[in-house]
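Okay, structure first, notes after.
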Amino acid sequence: MKNVLSLLIVAIALALPAPVARANPYEQMVSAELLPGWRRPDGVHVAALRLVLADGWKTYWRAPGDAGIPPLFDWSGSRNMGGVQPVWPTPIVFSQNGMRSIGYKRELVLPLKITPRDAGGDMTLNAQIQIGICDDICVPADLSVQASLPAGGHPDPRIVASMADVPVPAAEGGVRGVSCAVTPTENGLRVTTRVTLRRAGQATALVVETADPQIWVSEPEMHHDNGTLVATSDLVHIDGGPFALDRSGLRLTVLGTAPAVDIRGCPAP
């Protein structure tokens, strides 16, 4: 009887469907890889993070807007790495549930300028990445990528093209004047920015960033005034307390012009 029962249990087990490993919920929405790139004569290694997004999905720029999710990077698992500087290509502006978000669709090749501790040695780049990806819904995605970065290598045309597609400095972008008027508000500060530049009428967005990541910057109210882009943003410290604003640390990015313009620092009128 025992043998018959054992055979019956085995038969039932064989008839049941095999367990299926659960895939990551965002696996069909985004894929990630590291492009190993090349070592420059100055010792800096140029690599890139490549994200490929499914149709309809997008991810976010370093300053994602009120509706976006800022990207976070953890490089601590890397070997022979002194520092990493992302080089952000020019993003596009999205409208999402009545709010502005800023980012990329289809594909993002994010160049990385990596300084090794040992300039002549090989490196291993190990990155833990937290990004937001959105279609009709937004999903926080945790990605892990790794690549060996040997000394040498050759320029990758995908990375080269992405590095060429960055906002240009103010002088190259035809900026003729910039100022920021700062006034106190009940919760923080209000900054009214005026940027006079060629093709100001083409601008679709002005992004204001501060040197302090603890300061939240609202989406600006923007209009054009005879060749001058005028935008007003509210600044609030995340702990709700008072704060000092470092004008030299203000960074303004004008989007929609060709090319986009990167302005560092904003003096008083």
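Take 2 as the starting number for the sequence shown in our numbering and just add one per residue.
All C-beta atoms, glycine included, are put in the ideal place defined by N, C-alpha and C.
- Here the segment 91-109 makes contact with the segment 50-60; the two share three or more CB pairs at distances below 8 Å.
- Distance between Pro270 and Asp136, taken at the CA atoms: about 41 Å.
- Fewer than three pairs of CB atoms, one per stretch, sit closer than 8 Å, so the segment 147-156 makes no contact with the segment 183-190.
- Counted as a single uninterrupted DSSP element, the beta strand (DSSP E) harbouring Ile216 occupies residues Ile216 to Val218.
- Judged by DSSP secondary structure, Met223 falls outside any alpha helix (DSSP H) and instead within the beta strand (DSSP E) spanning Glu222 to Asp226.
- Taking a 10 Å sphere around the C-beta of Glu28, we find fewer than 16 other C-beta atoms and assign the residue as exposed.
- A straight line joining the alpha-carbon of Gln131 with that of Asp75 spans about 9 Å.
- Within the DSSP secondary-structure output, Met100 pairs in a beta bridge with Gln97.
- Ser32 is bridged by DSSP to Val53.
- Here the alpha carbons of Val237 and Pro170 stand approximately 27 Å from one another.
- By alpha-carbon distance to Val88, the top candidate from Ala33, Glu222, Val161 and Arg195 is Val161.
- Here the segment 221-235 does not lie against the segment 259-268, with fewer than 3 beta-carbon pairs under 8 Å apart.
- Per DSSP, Ser149 lies in no alpha helix (DSSP H) segment; the continuous beta strand (DSSP E) that holds it begins and ends at Cys139 to Leu150.
- Bounds of the alpha helix (DSSP H) holding Ala162 are Pro158 to Ala165.
- For Glu187, there is no enclosing beta strand (DSSP E), as DSSP marks it with neither H nor E.
- Excluding sequence positions up to five before and after Arg199, its CB lies within less than 6 Å of the CB of Gly175, all in the same chain and listed in chain order.
- When the alpha-carbon of Gly250 is set against those of Trp217, Val218, Glu210 and Ser234, the nearest one is in Glu210.
- Under DSSP, Val237 shares a beta bridge with Trp217.
- Sixteen is the threshold: when 16 or more other Cβ atoms of the shown chains lie within 10 Å of the Cβ of Leu109, as they do, the residue is buried.
- By the criterion of a C-beta distance shorter than 7 Å, Arg177 is surrounded in its chain by Thr197 and Leu198, once the five residues flanking it on both sides are discounted.
- Bridge pairing for Leu73: Gln131 [DSSP].
- In the DSSP assignment, Glu108 falls within the unbroken beta strand (DSSP E) covering Glu108 to Thr116.
- Considering only Leu50, Asp43 and Val255, the residue with the shortest C-alpha distance to Arg159 is Leu50.
- In the three-state DSSP reduction, Ser79 falls in the coil class, being neither helix nor strand.
- If you look at Ala206, you'll find it in the beta strand (DSSP E) that goes Ala206 to Glu210.
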